[in-house]
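Chain order of the listed sequences is A and B.
Sequential numbering from 888 applies to the first sequence in this note's numbering.
Sequential numbering from 11 applies to the second sequence in this note's numbering.
Glycine included, each C-beta is placed from N, C-alpha and C at the ideal position.
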Amino acid sequence: MNPELRELYQDLILDHGRHPRNFGGLDGYTHKLEGFNPLCGDRLTVYLKVVDGKIEAIGFEGQGCAISVASASLMTERLKGKTVDEALALFEPVHQLLMTGDLDEEESESLGKLTMLSGVSEFPTRVKCATLAWHTMKGALSGKSDGITTE
Amino acid sequence: MDTSFAEAQEPVDNGPDAMDRVRAARADFPALNQMVSGMPLVYLDSAATTQKPLKVIEQITDYYHRHNANVHRGVHELSERATRLYEGARDKIRDFINASAREEIVFVRGTSEAINLVAQSYLRPRIGEGDEILITEMEHHSNIVPWQLVAEQTGAKLRVAPITDSGELMMDSFADMLGPRTKLVAVAHISNALGTINPVQEIIRLSHDRDIPVLLDGAQAVGHMPVDVQALDCDFYAFSGHKMYAPTGIGALYTRRDILESMIPWQGGGEMIRKVSFEKTEYNDIPHRFEAGTPAIAGAIGLGAAIDYLEALGRPAIEEWENELLAYATDALNSVPGLRMIGTARHKAGILSFVMDNVHPHDISTILDKEGVAVRAGHHCAMPLMDRLGVPATTRASLALYNNREDIDALLKGLETVRALFQ
Ligand SMILES: Cc1ncc(COP(=O)(O)O)c(C=O)c1O
């Protein structure tokens, strides 16, 4: 198989795509936003329950390709229990990872499992799939309520 | 100026030699001869846009090399040549779809623009509150949104005839929905998402029984089967050059002459006028009344060249070849475990939409791309159709005259990789 494909569809990505964690709506959420990728029709809704500046619970629902679902799943896993500031601070390095595929060692270490998404950078048409959940999370925490699109 | 410039055509033979010619035609398309991701390109996205034969590319280059000038304006040699070539392309289109007169052909940017023109120039002045426009569930956004705009502007209603799960128009429901308030019927000749060939003759007969005009969206038909607008007896026929081996940015709208004569101008500007003063403007005759501004001259010439190319190959032979491939591809895809065809109408053109268990179409197309196979994944500009069929998106392989069985075999091999990863 093409090595770039192997890099993109790592077992961890396939697993999260098939069995997404924190999948479903949330009771008592404080933030909710729908993200839409008009190019492929992917739609994800991200729910967050923030108490005293801390993300107590997070979930998402919707439908999408393996990359967008896996990225959302990994994101929810990572953000649960983090503060809002920590969550927002993750956006930039993740975005850079997805766009360019490389980060310095320190950043790379801080992203941990999320670096599994780096293969996306070789697929310009798929970057938006992987960033959708992150844009949606950022929009939700920034108080947006009317949905966002990746365009 | 003499604008009835049409080259004498060699009589086309459609015998067994014609099939051999079509089989060999792949070599006429330079873009097909390249590697993608280290694999030979297999282009199965012709419903989005076709590749262009060398003849078309050469005609466009030749025009810019030797004849470039504005049309209908100069008395100088180049302008006369450009005008003759441009108007010659109109004659070719007339012959190609068998319109009764060259004046019935309006150059537009493509199908979308053609439909918007009909919506604004024909329909808008003739429709009011409570009147209806009838379309079908399988339409492309280009055959939905222009009518929604008119409906918003006038208070008219858009009505949508249902389709079966296999992607065929329900003719009984369609007939029932034709009523005294129906002012226009607009239907795809061939569905871009399903490949369904609609029973347009029957649609037109039923509509004309009630004096309702019919627009056919011919974007997916005109490059793949013979089209005769007089035999069909349609009132409008819209198509794009780029889906029939010609450049982007050019297309044509056929409108029956008496209807076109009665239509108000659409866009204002040069070319579409006869005499202008600040008090009053006299409009030009048809078809120029609907062609404001400097047109896509090279595009029109390229479209004319594409028509010559198709006529020389022979459209019946092209249709037969594509039908053979469609049958081969349908059998091949049906043999893939976990794959479900979307669009299984009895009368189909070379468009194969499908979904696969546990894999999103977007992932399928990424994997295929890395195998050199270009297909399209998504809603195919038919979101209401996807909702109707209950799928978020499909993967679509679409055929053109230059495809062959090896292309289908490559697609199948790519789908094996998909299954290895996902199933
Ligand atoms: C059935 C159908 N109608 C309309 C269109 C719009 O054509 P264009 O984008 O060339 O205006 C297309 C092409 O995408 C089509 O397939």
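Got a sec: which bits of the region 180–195 of chain B sit with their beta carbon under 7 Å from any beta carbon on chain A, in order along the chain?
Of all residues in the region 180–195 of chain B, none has a C-beta nearer than 7 Å to a C-beta of chain A.
Contact residues within the region 948–968 of chain A, judged by C-beta distance below 9 Å to chain B
Result list: GLN950, GLY951, CYS952, ALA953, ILE954, SER955 and VAL956.
CB contact check: ALA387(B) to chain A, cutoff 9 Å:
True, the Cβ-Cβ gap to chain A drops below 9 Å.
Between which two residues does the alpha helix (DSSP H) holding GLU964(A) run?
Per DSSP, GLU964(A) belongs to the alpha helix (DSSP H) from 953–966.
Would you mind listing the beta strand (DSSP E) stretches within the region 123–169 of chain B that are 3+ residues and don't spill past its ends, in chain order?
Within the region 123–169 of chain B, the complete beta strand (DSSP E) segments at least 3 residues long are 142–146, listed from N- to C-terminus.
Quick one: Cα of PRO357(B) to Cα of ALA337(B), how far?
The sequence shown places His at residue 357(B), not Pro. Distance between the alpha carbons of HIS357(B) and ALA337(B) is about 12 Å.
THR1018(A) at chain B interface by Cβ criterion, 9 Å:
So no, THR1018(A) is outside the interface.
With PRO257(B) and LYS102(B) assumed to form a contact (beta carbons below 8 Å), what rounded beta-carbon distance in angstroms separates them?
Contact flag wrong, Cβ pair sits at about 15 Å.
Residues in the same chain with beta-carbon distance under 7 Å from VAL46(B), minus the five sequence neighbours each way, listed in chain order, please.
Answer for VAL46(B): GLY382, listed in chain order.
Using a Cβ-Cβ cutoff of less than 6 Å, which residues in the same chain neighbour ALA308(B) once the five nearest sequence positions on both sides are dropped?
Within the same chain, ILE70 and TYR73 come within 6 Å of ALA308(B) by CB-CB distance, once the 5 residues on both sides are set aside.
Just to check, is the beta-carbon of HIS903(A) closer than 8 Å to a non-hydrogen atom of ligand 1?
No, the beta carbon of HIS903(A) sits no closer than 8 Å to any heavy atom of ligand 1.
Can you pull the chain A residues whose beta carbon is under 7 Å from the beta carbon of SER47(B), in chain order?
Near SER47(B) (Cβ distances below 7 Å), the residues of chain A are ASN889.
Can you tell me which of the three DSSP states VAL116(B) falls into?
Taken through DSSP and simplified to helix, strand or coil, VAL116(B) comes out as strand.
Any heavy atom of ligand 1 closer than 8 Å to the beta-carbon of ALA198(B)?
If you check the C-beta of ALA198(B) against ligand 1, you find a heavy atom less than 8 Å away.
Less than 9 Å between CB atoms is the rule here; does GLY928(A) satisfy it with respect to chain B?
Yes, its Cβ sits closer than 9 Å to a Cβ of chain B.
Flag this pair as touching only if the region 207–221 of chain B and the region 80–100 of chain B have three or more C-beta atom pairs under 8 Å; answer yes or no.
The answer is no - the region 80–100 of chain B does not touch the region 207–221 of chain B, with fewer than three Cβ pairs under 8 Å.
Taking ALA229(B) as the query, report the chain A residues whose CB atoms sit under 7 Å from its CB, ordered along the chain.
Within 7 Å Cβ-Cβ: nothing; ALA229(B) doesn't reach chain A, min ~21 Å.
Counting only Cβ-Cβ distances shorter than 9 Å, please list the residues of the region 997–1031 of chain A near chain B, keeping chain order.
Those would be PHE1010, THR1012, ARG1013 and CYS1016, in chain order.
Listed in chain order, which residues of the region 400–417 of chain B have Cβ atoms closer than 8 Å to some Cβ of chain A?
From the region 400–417 of chain B, only PRO402 and ALA403 have a Cβ closer than 8 Å to chain A.
CB PHE432(B) to CB PRO305(B), shorter than 9 Å?
For PHE432(B) and PRO305(B), no; Cβs fall outside 9 Å.
So, with DSSP's three-state summary, where would you put TYR916(A)?
Judged by DSSP in its simplified three-state form, TYR916(A) adopts coil rather than helix or strand.
Whole-angstrom C-beta distance between LEU133(B) and LEU194(B), which should lie under 8 Å:
About 6 Å separates the CB atoms of LEU194(B) and LEU133(B); that is less than 8 Å, so the two are in contact.
Pairwise C-alpha distance: VAL938(A) and GLY949(A)
The alpha-carbon atoms of GLY949(A) and VAL938(A) are separated by roughly 25 Å.
Cβ of LEU892(A) within 9 Å of any chain B Cβ
Yes, because at least one Cβ of chain B sits closer than 9 Å to the Cβ of LEU892(A).
Which residues in chain A sit within 7 Å of THR376(B), going by Cβ to Cβ distance?
What THR376(B) touches in chain A: PHE1010 and ARG1013.
Using a Cβ-Cβ cut-off of 9 Å, state whether LEU899(A) counts as contacting chain B.
Cβ-Cβ to chain B under 9 Å: no for LEU899(A).
Show which residues of chain A have a CB atom less than 7 Å away from the CB atom of HIS372(B).
Correct list: CYS927, CYS952 and CYS1016.
So, for PHE184(B): in the same chain, excluding its five sequence neighbours on each side, which residues have a beta-carbon less than 6 Å away from its beta-carbon?
The answer, listed in chain order, is ALA171.
I need the straight-line Cα distance from GLU90(B) to PRO297(B), nearest angstrom please.
Near 19 Å, if we compare the C-alpha coordinates of PRO297(B) and GLU90(B).
Are the Cβ atoms of PHE978(A) and LYS1025(A) separated by less than 9 Å?
Closer than 9 Å, so yes.
For LYS380(B), go through chain A and note every residue whose CB falls closer than 7 Å to its CB, in chain order.
Simply ASN889, GLU891 and LEU892.
Near GLY259(B), which residues of its chain fall below 7 Å by C-beta distance, leaving aside the five closest residues on each side in sequence?
Result list for GLY259(B): ARG119, ALA306 and GLY309, in chain order.
Is PHE15(B) close to chain A? Criterion is C-beta to C-beta, closer than 9 Å.
Here PHE15(B) scores only 43 on pLDDT, less than 50, and its place in the model is too uncertain to base an answer on.
Test item: CB-CB of LEU263(B) and PHE288(B) under 9 Å:
No; because the gap between Cβ atoms is not below 9 Å, this pair is not in contact.
For ALA28(B), which residues of its own chain have a beta-carbon under 6 Å away from its beta-carbon, when the five flanking residues on both sides are left out?
In chain order, GLY324 and ALA327 place their CB closer than 6 Å to the CB of ALA28(B), counting only its own chain and leaving out the 5 sequence neighbours on each side.
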